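At position 334 of the sequence shown (counting the first as 1) the number is 334 in our numbering, and the numbers step up by one without a gap.
Ideal Cβ placement from N, Cα and C applies to all residues, glycine included.
These figures come from a predicted structure and were not determined experimentally.
Some notes on the structure that comes next.
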Amino acid sequence: MAMSSQNQIPSGSAILLRFSDILRPQVLAYFQTKFQSFLNELPSYLMTACEGIPDGQQQAYLDIIVLLRHRRDDINARVTGLFNEKWQNFQQLAHPPQEQGTPVSALSMDSIGLVGSDELELNVVIETVSTRLLHQADQVITDAFNRLSALLPALKYADQLPFHPKVLLHLVPECFGDNNLSTLQKTVLLKQFSTLLDMREVVSMVGHALEQAEVPVPVVAARVSEDSSFVEEEEPDLVDVLRDIRDLNQKNAGGGSADGKGGSNSSGQVTELNTDPNSPLLQTTTTGGIVVDPARLVQQAAHFAQISQSVASVPLMPQNIFPLAQEQLIATTELMTRLSKLQDIQPLTPVAVNADIPSVAEVREHIRGQLQNDEDTVEMIGQKDTDIINLVSAMFDYILDDQDLPTAMKALIGRLQIPMLKVALLDDQFFKTEKHPARLLLNSLAKAGVGWDEKAQASDILYKKIEETVFKILTDFSSDMALFVQLLADFNKFYEEQQVRIALIDQRTREAEERRAKAELARSEVQLVLNQKLTGRRLPMAVIRLLQEGWRHVLYLSFLKDGKEAESWRQAVKVVDALIWSMMPVKEDAAWLERLKSVAPKLSNSLKKGLVSVNFDPIKSESLLREIERVHQETIDGLETPVVEILTEDQDVRADGVDRISVDQAVSGADSNVRSVVLPKSELVDLYQGETLPASDKYVQMVKHLKVGAWIEFSATDQLERHKLVARIRSMEKLIFANRRGIKVAEMSQMHLAVEFSQGRARLVDDQPQIIDRALQSVVGGLNQLTA
Numbered sequence: 001m002a003m004s005s006q007n008q009i010p011s012g013s014a015i016l017l018r019f020s021d022i023l024r025p026q027v028l029a030y031f032q033t034k035f036q037s038f039l040n041e042l043p044s045y046l047m048t049a050c051e052g053i054p055d056g057q058q059q060a061y062l063d064i065i066v067l068l069r070h071r072r073d074d075i076n077a078r079v080t081g082l083f084n085e086k087w088q089n090f091q092q093l094a095h096p097p098q099e100q101g102t103p104v105s106a107l108s109m110d111s112i113g114l115v116g117s118d119e120l121e122l123n124v125v126i127e128t129v130s131t132r133l134l135h136q137a138d139q140v141i142t143d144a145f146n147r148l149s150a151l152l153p154a155l156k157y158a159d160q161l162p163f164h165p166k167v168l169l170h171l172v173p174e175c176f177g178d179n180n181l182s183t184l185q186k187t188v189l190l191k192q193f194s195t196l197l198d199m200r201e202v203v204s205m206v207g208h209a210l211e212q213a214e215v216p217v218p219v220v221a222a223r224v225s226e227d228s229s230f231v232e233e234e235e236p237d238l239v240d241v242l243r244d245i246r247d248l249n250q251k252n253a254g255g256g257s258a259d260g261k262g263g264s265n266s267s268g269q270v271t272e273l274n275t276d277p278n279s280p281l282l283q284t285t286t287t288g289g290i291v292v293d294p295a296r297l298v299q300q301a302a303h304f305a306q307i308s309q310s311v312a313s314v315p316l317m318p319q320n321i322f323p324l325a326q327e328q329l330i331a332t333t334e335l336m337t338r339l340s341k342l343q344d345i346q347p348l349t350p351v352a353v354n355a356d357i358p359s360v361a362e363v364r365e366h367i368r369g370q371l372q373n374d375e376d377t378v379e380m381i382g383q384k385d386t387d388i389i390n391l392v393s394a395m396f397d398y399i400l401d402d403q404d405l406p407t408a409m410k411a412l413i414g415r416l417q418i419p420m421l422k423v424a425l426l427d428d429q430f431f432k433t434e435k436h437p438a439r440l441l442l443n444s445l446a447k448a449g450v451g452w453d454e455k456a457q458a459s460d461i462l463y464k465k466i467e468e469t470v471f472k473i474l475t476d477f478s479s480d481m482a483l484f485v486q487l488l489a490d491f492n493k494f495y496e497e498q499q500v501r502i503a504l505i506d507q508r509t510r511e512a513e514e515r516r517a518k519a520e521l522a523r524s525e526v527q528l529v530l531n532q533k534l535t536g537r538r539l540p541m542a543v544i545r546l547l548q549e550g551w552r553h554v555l556y557l558s559f560l561k562d563g564k565e566a567e568s569w570r571q572a573v574k575v576v577d578a579l580i581w582s583m584m585p586v587k588e589d590a591a592w593l594e595r596l597k598s599v600a601p602k603l604s605n606s607l608k609k610g611l612v613s614v615n616f617d618p619i620k621s622e623s624l625l626r627e628i629e630r631v632h633q634e635t636i637d638g639l640e641t642p643v644v645e646i647l648t649e650d651q652d653v654r655a656d657g658v659d660r661i662s663v664d665q666a667v668s669g670a671d672s673n674v675r676s677v678v679l680p681k682s683e684l685v686d687l688y689q690g691e692t693l694p695a696s697d698k699y700v701q702m703v704k705h706l707k708v709g710a711w712i713e714f715s716a717t718d719q720l721e722r723h724k725l726v727a728r729i730r731s732m733e734k735l736i737f738a739n740r741r742g743i744k745v746a747e748m749s750q751m752h753l754a755v756e757f758s759q760g761r762a763r764l765v766d767d768q769p770q771i772i773d774r775a776l777q778s779v780v781g782g783l784n785q786l787t788a
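Encoded structure:
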């Protein structure tokens with residue numbers, strides 16, 4: 001049965017337009033109100049902000065006030081137009097244009113420029129402020145995106161929504177006119193405007209508009225809860241989806257046993273610790289973590305002293321025990337009290353003030369010093385507690401000797417020995433599950449510290465956060481594990497925000513370097529073609545000038561846009577061939593002359609169109625083309641035209657005693673008596689000219705397979721420096737490195753890095769597996785060697 005028109009569901013385009021018509025006037029009115037308040041308050045804010053800052057910055061602030069005073073009407077006039085333009089872009093998503101190639105004429109030299117540091121800095125500011133504002137509106141904006149993207153396939157990202165805080169923030173510098181402001185000034189405006197922008201008011205409008213426009217809610221996903229009842233979720237997020245896939249894979253792989261308890265799967269991994277005495281002592285979970293049963297591990301406690309120098313050198317019993325003293329075991333609760341006293345005296349001074357790393361032996365000495373020892377009584381720690389302390393000591397021996405941890409990070413993490421001893425004594429789940437909050441926190445701190453290098457200042461925001469977390473544990477932890485849950489959530493949130501910001505900077509750096517590499521390759525390829533076509537010929541200076549000054553830009557843009565195999569590139573090269581042919585007359589060949597008369601106007605027209613397509617200087621273009629036409633006419637009239645011999649840098653420039661100059665000097669000079677010119681080399685500049693290794697060398701192969709994101713520690717200078725590989729330019733075998741803040745610090749060839757590895761001046765910093773897992777592997781590995 002046909003559906004009546006009254007009951008037909010509106011198309012996505014109709015719903016989008018209805019939603020836009022409802023919401024756009026409301027958001028515009030709100031933005032205009034906030035923007036006017038912002039403009040009114042801006043002068044007084046800037047005058048206050050000028051106090052106590054350098055004169056250079058003061059002038060930048062005062063310039064904004066002058067600009068606002070003289071151009072406020074223009075700024076106000078831009079608001080509505082720019083705002084409506086954002087909404088028009090959004091509405092056009094209902095009718096996305098088909099992808100078409102951009103004609104060469106549409107390209108300009110500016111369009112392929114690298115992302116400048118100023119633009120990058122501004123984008124980072126907008127990203128940071130936008131992320132903060134999103135906390136007020138994340139749920140509603142996510143709901144709006146889910147609903148609208150279900151109707152509009154072209155809507156790929158939430159920040160395409162015209163009410164997204166990133167879009168609203170972009171309007172501020174645009175209303176002032178981007179070219180009138182420096183990056184510092186734009187940053188000041190953005191940060192001040194963001195204090196007035198309340199996204200809760202905006203999302204209230206969005207929510208009402210979604211309902212009034214009857215934007216449908218995506219189909220919900222049903223999920224079985226643990227009590228087998230069905231619950232509905234509006235839209236499963238990525239974490240839920242990945243968790244479901246993981247659970248399904250584990251089920252299909254036989255990860256669960258018949259009695260419902262976790263067991264080994266086909267790959268030897270476990271979903272939870274298997275305590276069967278016949279199972280491996282060290283077990284790997286399905287998520288890659290290492291777990292161990294401490295009760296089984298301490299059965300080999302007699303060997304701890306052989307794998308840990310600290311355990312061997314500082315036994316946990318008083319020295320010089322009196323012969324008649326009676327041994328008295330102290331209870332675990334009393335031991336915890338004494339460990340808490342030791343925790344209270346741990347240094348809370350910044351590492352910049354006190355960089356000493358508390359050694360495991362020193363901590364054990366302090367524990368031993370807490371035990372009473374006189375003629376009547378000697379206190380002893382129970383065997384079980386002693387074994388656990390020795391196990392933790394052996395683990396910290398490894399952690400504080402781990403070369404992947406920077407020295408400053410070891411100084412901080414070393415202060416956590418007492419708290420971690422207390423955790424291990426209180427809760428054996430610290431060893432039995434990789435998800436224990438104290439273990440996760442220690443792993444997170446160590447992982448975050450891997451990228452910190454010794455040159456970083458103590459004011460580094462990441463280091464400060466790690467220091468703050470360590471001090472919080474030292475001052476607040478008694479026995480409640482909830483503190484680790486709270487600190488873990490806080491630190492992970494901070495670290496994830498840092499990583500999002502750094503990932504954005506890394507991406508921009510990578511894109512900029514790839515564009516730069518492609519541009520270098522294009523310049524080299526263009527010069528190679530010109531050298532091949534021109535070398536060894538004798539041609540009029542007008543031809544050399546036109547090709548080197550003008551037509552090289554046509555070739556360059558064609559290569560950048562379409563590559564060497566494209567038709568546009570082949571056509572541009574054919575024009576070069578035709579131009580050279582037209583300048584090499586065949587004596588007493590009337591047919592050749594007739595053909596030149598026919599080809600010359602067409603050739604001139606092709607040259608003109610190509611130069612126009614790359615926005616070449618029209619005055620210079622006209623001058624160059626007139627010179628070509630003059631030479632053509634002289635050839636047709638049978639007149640001789642002076643020519644220049646064209647050589648390359650590889651040829652002997654003094655063989656015949658003729659003075660030769662570079663082509664750049666020749667085309668820019670006014671000397672008409674030039675007899676020969678030298679073309680530049682076309683090869684790419686090699687970053688590295690030193691020692692090389694064979695392709696089969698293990699270090700060459702290691703660098704070849706190095707992944708973007710890997711950390712490398714360099715020790716060529718007095719200090720160790722850690723850089724992250726953020727880009728690999730395969731066309732040039734070039735590697736780009738940045739520091740932890742995402743700022744580019746170095747570039748080198750693959751061969752150069754391989755040589756540095758081979759000479760021990762560089763090493764790969766391995767941050768996997770986690771620090772606790774590596775420590776457990778070290779302890780168990782040492783025990784296995786002893787008992788083998």
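- M409 and L28 have their C-alpha atoms some 50 Å from each other.
- If you check the CB distance, K186 and L122 come in under 7 Å.
- The DSSP assignment places 377–381 as complete runs of the beta strand (DSSP E) inside the stretch 333–398, in order along the chain (cut-off: 3 residues).
- Taken through DSSP and simplified to helix, strand or coil, T131 comes out as helix.
- When C-beta atoms of the stretch 501–519 are compared with those of the stretch 531–550, fewer than three pairs fall below 8 Å, so the two segments do not count as touching.
- Here the alpha carbons of Q58 and R147 stand approximately 47 Å from one another.
- Contact check for I22 and Q212: beta-carbon distance about 5 Å, within the 8 Å limit, so the pair qualifies.
- Remark: fewer than three beta-carbon pairs, one from each stretch, lie closer than 8 Å, so the stretch 596–614 and the stretch 528–544 are not flagged as touching.
- DSSP places S279 outside both helix and strand once states are collapsed to three, so it counts as coil.
- Taking 3 residues as the shortest admissible run, the stretch 480–526 contains no complete beta strand (DSSP E) segment at all.
- In the DSSP assignment, S568 falls within the alpha helix (DSSP H) that extends over E567 to S582.
- Counting of Cβ neighbours within 10 angstroms places E721 among the buried residues, the total reaching 16 or more.
- The beta carbon of R18 lies closer than 6 Å to those of A213 in the same chain, with the five residues before and after it left out.
- Following the DSSP letters along the chain, one finds H553 in no beta strand (DSSP E) but inside the alpha helix (DSSP H) bounded by residues R552 to D562.
- Under the criterion of beta carbons closer than 8 Å, L596 and I636 qualify as touching, at roughly 6 Å.
- Of the other Cβ atoms in all chains shown, fewer than 16 fall within 10 Å of the Cβ of D577; this residue is therefore exposed.
- Going by beta carbons, S682 and S524 fall inside the 7 Å limit.
- Annotation for R741: no beta strand (DSSP E) segment contains it, and DSSP assigns it neither H nor E.
- Judged by DSSP secondary structure, V678 falls within the beta strand (DSSP E) whose first and last residues are S676 to L679.
- The residue from D63, V217, V663 and V125 with its alpha-carbon nearest to that of F193 is V125.
- In summary, G760 is exposed, with fewer than 16 beta-carbon neighbours lying within 10 Å of its beta-carbon over all protein chains present.
- Within a 10 Å sphere around the beta-carbon of V353 sit fewer than 16 other beta-carbons, which makes this residue exposed.
- Contact check between the stretch 147–160 and the stretch 80–95: three or more CB pairs, one atom from each, fall below 8 Å, which counts as touching.
- Every unbroken stretch of the alpha helix (DSSP H) spanning 4 or more residues and falling wholly within the stretch 404–477 is given here in chain order: 407–413, 417–426, 429–432, 437–449 and 461–476.
- Per DSSP, the continuous alpha helix (DSSP H) segment holding A209 begins and ends at M199 to Q212.
- Two segments are said to touch when three or more pairs of C-beta atoms, one from each, lie closer than 8 Å; by this definition the stretch 771–783 touches the stretch 292–309.
- Counting along the chain, no beta strand (DSSP E) covers A295; the unbroken alpha helix (DSSP H) around it starts and ends at P294 to L297.
- DSSP, read as helix, strand or coil, puts E713 in strand.
- DSSP, read as helix, strand or coil, puts E588 in coil.
- The residues V311 and A312, in chain order, have a CB closer than 6 Å to that of A305 in the same chain once the five nearest residues on each side in sequence are set aside.
- By the beta-carbon neighbour count (other beta carbons within 10 angstroms, threshold 16), A572 is buried.
- Separation of D159 and Q417 (C-alpha to C-alpha, rounded to the nearest whole angstrom) is 45 Å.
- In this structure, DSSP gives H752 a helical state, which the three-state scheme calls helix.
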